[in-house]
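**Q** Have a look at this one before I ask anything.
Numbering (the working numbering), first residue to last: 3 to 82.
What follows is the structure, encoded as structure tokens:
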């Protein structure tokens, strides 16, 4: 059994990491201190397809599976 990520999954991981590294460091501490939710950041993530990854395209999602969703979550948590 091959447990390696596909090329597409590797690309998703790279994109999620780059997004998180570019956006999270400057806002994470502020959001924690002010106890606020960064709606503008969620909008950016949505525009890049990170929100609703595992939802079917016909419902506005990206049509990927739970593995891809987990890959993105791991990269987001890694930076946050």
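C-beta atoms are modelled at their ideal positions from N, C-alpha and C, and glycine is treated no differently.
Report all residues from its chain with a CB closer than 6 angstroms to the CB of residue 87; omit the five preceding and five following residues, and keep chain order.
**A** Lying before the first or after the last residue shown, residue 87 is absent from the chain, which here runs from 3 to 82.
**Q** Going by other Cβ atoms of all chains shown within 10 Å of its Cβ, with 16 needed for buried, is residue 74 buried or exposed?
**A** Here residue 74 refers to the residue found at position 72 when the chain shown is read from its first residue. Buried is the call here.
**Q** For residue 81, collect the residues of the same chain with a Cβ closer than 6 angstroms to its Cβ; drop the 5 residues on either side in sequence, then sort them by chain order.
**A** On the chain shown, position 79 is the one that residue 81 refers to. The beta carbon of residue 81 sits closer than 6 angstroms to the beta carbons of 22, 23 and 26 from its chain, once the five residues preceding and following it are set aside; these are given in chain order.
**Q** Could you tell me the distance, in whole angstroms, from the CA atom of residue 43 to the CA atom of residue 49?
**A** To locate residue 43, count along the chain shown from 1; it is residue 41. To locate residue 49, count along the chain shown from 1; it is residue 47. Taking the straight line from one Cα to the other gives about 10 angstroms.
**Q** Take residue 76 as the anchor and find which of 3, 4 and 19 has the nearest alpha-carbon.
**A** Counting from one through the chain shown, the residue named residue 76 turns up at place 74. Comparing Cα-Cα distances from residue 76 to each of 3, 4 and 19, the minimum goes to 19.
**Q** Thinking residue 58 and residue 65 are a contact (beta carbons under 8 angstroms), I'd like their distance in whole angstroms, please.
**A** Numbered from 1 along the chain shown, position 56 holds the residue referred to as residue 58. Numbered from 1 along the chain shown, position 63 holds the residue referred to as residue 65. Contact flag correct, Cβ pair sits at about 6 angstroms.
**Q** Would residue 40 and residue 29 be called neighbours here (beta carbons separated by less than 7 angstroms)?
**A** Counting from one through the chain shown, the residue named residue 40 turns up at place 38. Counting from one through the chain shown, the residue named residue 29 turns up at place 27. Contact flag set, yes.
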